[in-house]
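In our numbering, the protein residues as written are 1 to 147.
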């Protein structure tokens with residue numbers, strides 16, 4: 001794969017649905033990253049991760065006003081955000097990404113997971129009269145990232 005192919009693939013990952021087959025292709029096609037190419041590549045990876053996570057967060061927060069009292073819908077949204085975080089972890093662990101950058105991306109992902117967990121709990125305060133939704137969020141452990 002050329003650098004151009006990588007950039008095109010990353011753009012698909014950024015804007016499209018979770019695509020494990022495309023990610024597998026990237027895992028199996030290493031690219032040599034040096035100098036400006038490394039810098040631009042890391043910017044692309046960062047953009048993919050941030051866009052996917054922002055879209056996932058926006059989606060669940062948008063739906064919170066209508067699903068806070070529907071535990072089934074809320075749990076589906078929590079499952080979706082956990083899948084998105086897991087997919088972001090797979091992107092971060094691409095063999096072509098230098099370890100130093102992987103570490104920074106993982107720290108960013110952990111901060112995001114902590115923030116989303118807190119945001120969900122706060123957004124339910126006042127709406128969740130039974131406390132069941134907040135307990136479900138706490139038990140879902142969105143911010144526990146396993147290796």
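The C-beta atom is built at its ideal place from N, Cα and C for all residues, glycine as well.
Which term fits residue i, buried or exposed, when burial requires 16 or more other beta carbons within 10 angstroms of its beta carbon?
i           : result
residue 117 : buried
residue 133 : buried
residue 34  : exposed
residue 7   : exposed
residue 52  : buried
Can you name, in chain order, every residue of its own chain whose Cβ lies under 6 angstroms from the Cβ of residue i, other than the five neighbours on each side?
i           : result
residue 154 : Beyond the ends of the chain as shown, which are 1 and 147, falls residue 154; an answer cannot be given.
residue 143 : 113, 114, 117
Using a threshold of 7 angstroms, state whether the C-beta atoms of residue i and residue j are closer than that.
i           : j          : result
residue 30  : residue 96 : yes
residue 119 : residue 81 : no
residue 40  : residue 87 : no
residue 84  : residue 63 : no
residue 44  : residue 10 : yes
residue 89  : residue 48 : no
residue 94  : residue 38 : no
residue 110 : residue 61 : no
By Cβ distance below 8 angstroms, which residues in the same chain neighbour residue i in space, the five residues on each side in sequence not counted?
i           : result
residue 121 : 134, 137, 138
Since residue i is in the alpha helix (DSSP H), which residue starts that stretch and which ends it?
i           : result
residue 140 : 132 to 140
residue 96  : No alpha helix (DSSP H) holds residue 96; DSSP gives it neither H nor E.
Just to confirm my understanding: we take residue i, look at its own chain, exclude 5 residues before and 5 after, and list those with CB closer than 7 angstroms. What are they?
i           : result
residue 106 : 92
residue 72  : none
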